[in-house]
Amino acid sequence: MLHNPNKLDHETQMSTFELINGLVSLVHDTSMMPDVAHTAMESLLVLHETRNIELWNPEASINTFWSISSQ
Numbered sequence: 013m014l015h016n017p018n019k020l021d022h023e024t025q026m027s028t029f030e031l032i033n034g035l036v037s038l039v040h041d042t043s044m045m046p047d048v049a050h051t052a053m054e055s056l057l058v059l060h061e062t063r064n065i066e067l068w069n070p071e072a073s074i075n076t077f078w079s080i081s082s083q
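In the numbering used here, the protein residues as written are 13 to 83.
In structure tokens, the structure reads:
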């Protein structure tokens, strides 16, 4: 899903951060695109399921989760 075996750990972490940050930005834009905002919110909920958090960066899933979540 999120993991690309050809990327280094920090590259995978940065890609995951950019994806989640982009989805959060879409959630905040409910006035212009309510359907997109709703879909982004649903996507964030799915990404935050335990089985998916482990895929954010399989080499360092806990570190990646805490780093991204604390932003």
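Glycine is no exception: its CB is placed at the ideal position from the N, C-alpha and C atoms.
Model, not experiment: these values are computed from the prediction.
In this structure, does DSSP put residue i in helix, strand or coil?
i	result
Ser-82	coil
Leu-20	coil
Ser-27	helix
Glu-66	helix
Classify residue i: buried if its beta carbon has 16 or more other beta carbons within 10 angstroms, exposed otherwise.
i	result
Thr-62	exposed
Ile-32	buried
Trp-78	exposed
Ile-80	buried
Gln-25	buried
Asn-16	exposed
Can you tell me the Cα-Cα spacing of residue i and residue j, whole angstroms?
i	j	result
Asn-18	Pro-46	36 Å
Ile-74	Leu-35	21 Å
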